[in-house]
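Below is one structure, written out as structure tokens, with a few remarks after it.
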Amino acid sequence: MQPYSTQFLQEDDFLEVITALKNPLLTQGNVTLEFEKALSKFCNAKYALVFNSATSALYAAYNALNLENSEVITTPLSFVATTNMLLQNHATPVFCDIKQDGNINPEKIIPLITKKTKAIVSVDYGGKSVDIDSIKAICKDYNLSFISDSSHAIGSEYKNQKVGGLADATIFSFHPVKPMTTLEGGALLTNSKAIYEKAKLVRSHGVMKKNLWHYDVICNGFNFRMNEVQAALGISQLKKLPHFIQVRENIAKFYDSFFANNPYFTTIHQNNPYISSNHLYTILLNPTLQPKKEEVFQLFQENGLGVQVHYKPIYHFSYYKNLFGNISLPQTEAFYNATLSIPCHHKLELHQAEKIAQKILYLFSKI
293 MQPYSTQFLQ
303 EDDFLEVITA
313 LKNPLLTQGN
323 VTLEFEKALS
333 KFCNAKYALV
343 FNSATSALYA
353 AYNALNLENS
363 EVITTPLSFV
373 ATTNMLLQNH
383 ATPVFCDIKQ
393 DGNINPEKII
403 PLITKKTKAI
413 VSVDYGGKSV
423 DIDSIKAICK
433 DYNLSFISDS
443 SHAIGSEYKN
453 QKVGGLADAT
463 IFSFHPVKPM
473 TTLEGGALLT
483 NSKAIYEKAK
493 LVRSHGVMKK
503 NLWHYDVICN
513 GFNFRMNEVQ
523 AALGISQLKK
533 LPHFIQVREN
543 IAKFYDSFFA
553 NNPYFTTIHQ
563 NNPYISSNHL
573 YTILLNPTLQ
583 PKKEEVFQLF
593 QENGLGVQVH
603 YKPIYHFSYY
613 KNLFGNISLP
623 QTEAFYNATL
633 SIPCHHKLEL
643 HQAEKIAQKI
653 LYLFSKI
């Protein structure tokens with residue numbers, strides 16, 4: 293089975309992990325701090341905090357921005373952590389429709405703003421940055437916070453600037469299917485000292501250390517910390533991230549060319565003006581094939597292609613239906629009906645991608 297994405301670990305990664313395991317501190321040591329410094333420098337952000345997951349980082353960001361009892365405009369095309377953590381912070385997600393590339397549509401945001409709106413949460417779908425300038429302009433005009441769920445987008449760029457220091461708070465995921473991994477793990481990046489300090493408290497029980505054995509508890513909090521072994525792996529992977537992204541880009545460009553003008557589906561990667569992490573390579577089924585999407589999915593799986601659907605709209609899930617009733621956004625529905633993610637990752641070689649592409653067109657010819 294060739295997965296749509298997977299980790300790529302090498303001997304230098306293993307050596308860094310072994311070294312970390314030999315350190316006297318396996319958690320709350322200097323390696324975590326070194327990883328945070330490396331992330332800040334890489335993304336040109338003032339502050340970075342690493343977490344045990346992107347979900348924890350999302351929770352901490354929302355909490356640090358005091359979103360309780362507010363409305364937050366966001367996309368329905370994401371993994372549920374984006375909105376689940378809003379609900380955990382007693383904020384109400386308000387779903388905004390998307391553009392044809394899977395990202396939130398800034399033109400649809402303003403009609404959704406009310407007196408209770410406090411923030412916009414975007415998602416960089418597949419690694420392609422959202423239209424940051426448009427969202428920041430809206431936030432400035434309406435005094436809103438801008439949180440970028442960039443879980444897909446470590447290493448991506450917007451107008452020659454690295455994603456990470458462009459929103460009030462940016463979240464990355466280091467899950468194994470992402471462009472780099474710390475096993476599980478995530479990060480929050482920000483240029484705001486206030487957000488940094490509050491999120492840091494939330495990450496570790498609300499504890500503020502003093503001298504000797506003394507400490508105080510300033511607020512409620514959790515154990516959302518990343519350990520030293522994960523951080524060591526993160527440092528090693530971050531050094532190789534530009535190469536990983538180049539490999540993904542080469543595969544994506546090959547697919548763009550190979551699949552051009554085929555009769556079964558369209559692609560969206562070639563329309564990206566900026567560097568993308570290419571966490572996902574998405575194809576969009578033509579209307580005649582969309583009713584057969586389950587058949588296509590099953591056929592590909594049976595033939596060793598680990599395709600996936602990213603994503604079922606969040607408002608389709610029973611939990612959200614019970615909270616908000618039936619919702620249907622036209623472009624989100626159209627995208628969901630058409631989308632499939634095919635294998636594209638930095639463990640693939642181009643000759644393997646060519647065989648995958650050939651198999652994909654062959655299988656479509658049999659449907």
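Throughout, this note's numbering is defined as the position within the sequence shown, counted from one, plus 292. All C-beta atoms, glycine included, are put in the ideal place defined by N, C-alpha and C.
Whole-number beta carbon distance between residue j and residue i, since they are thought to touch under 8 Å
i	j	result
G526	T474	4 Å
H571	G419	4 Å
K638	F536	Note that residue 638 corresponds to His in the displayed sequence, not to Lys. Contact flag correct, Cβ pair sits at about 4 Å.
A383	Y354	6 Å
L379	V364	Not confirmed; about 10 Å, so no contact.
L640	F592	No, L640 and F592 are not in contact; Cβ-Cβ is about 16 Å, not under 8 Å.
Beta-carbon proximity of residue i to residue j, cut-off 8 Å
i	j	result
L437	I463	First, the residue type needs correcting, since residue 437 is Ser and not Leu in the sequence shown. For S437 and I463, no; Cβs fall outside 8 Å.
P635	Y296	yes
I560	P368	no
S633	V599	yes
M500	Y507	yes
I412	I427	yes
L576	I648	no
F516	F343	yes
E449	I543	no
A461	I430	no
P471	S569	yes
K520	A312	Inspection of the sequence shows that residue 520 is occupied by Glu rather than by Lys. Going by C-beta atoms, E520 is nearer than 8 Å to A312.
P468	T298	yes
A349	K490	no
F546	A645	yes
N614	K651	no
From the options, residue whose alpha carbon lies closest to that of residue i
i	options	result
M293	D460, Q590, H608 and L615	Q590
F387	Y612, L655 and F656	Y612
N397	N376, T374 and D425	D425
I390	T406, S414 and S549	S414
H602	V494, F371 and H382	F371
N553	N578, K333 and I427	N578
L359	T409, P534, I310 and T319	T409
R495	I310, K502, K485 and N512	N512
E399	I659, V422 and N322	V422
K432	A459, D441 and K451	A459
K407	F466, N435 and N376	N435
N563	T366, L307, V323 and Q392	Q392
F466	T375, A524, A645 and K651	A524
T631	E586, S610 and F609	E586
P565	Q582, E541 and N376	E541
K338	L621, G457, Y628 and Q453	G457
I619	H608, Y628 and F627	H608
F557	F627, G498 and K604	F627
N395	K658, Q582 and D441	D441
T574	N629, E594 and K532	N629
Q582	E625, N336, D548 and L621	E625
Q302	D548, P622, L533 and Q623	L533
Neighbour-count burial assignment, residue i, 16 or more Cβ in a 10 Å radius
i	result
I446	buried
L341	buried
Q522	buried
Q529	buried
T580	exposed
H643	exposed
V455	buried
Y351	buried
K333	exposed
S362	buried
P385	buried
G617	exposed
L480	buried
N381	buried
L317	exposed
F689	For residue 689 there is no data in the structure shown, the boundaries of the chain being 293 and 659.
E308	buried
L504	exposed
V263	Nothing in the structure corresponds to residue 263, since the chain is present only between 293 and 659.
I659	exposed
I402	exposed
V665	The question about residue 665 has no answer here: the residues shown for the chain are numbered 293 through 659.
is_contact[residue i, chain D] using C-beta, thresh 8 Å
i	result
I427	Protein chains in the displayed structure number just one, and chain D is not present.
* Please list the segments of the beta strand (DSSP E) lying wholly inside the region 450–505, counting only runs of 3 or more residues, in order along the chain. => 461–465, 478–482 and 499–501
* Contiguous alpha helix (DSSP H) assignments of at least 4 residues, all confined to the region 354–440 -> 373–380 and 424–434
* Please list the segments of the alpha helix (DSSP H) lying wholly inside the region 599–639, counting only runs of 4 or more residues, in order along the chain. => 610–616 and 622–630
* Could you give the uninterrupted runs of the beta strand (DSSP E) lying entirely in the region 516–564, keeping only those of 3 residues or more? -> 557–559
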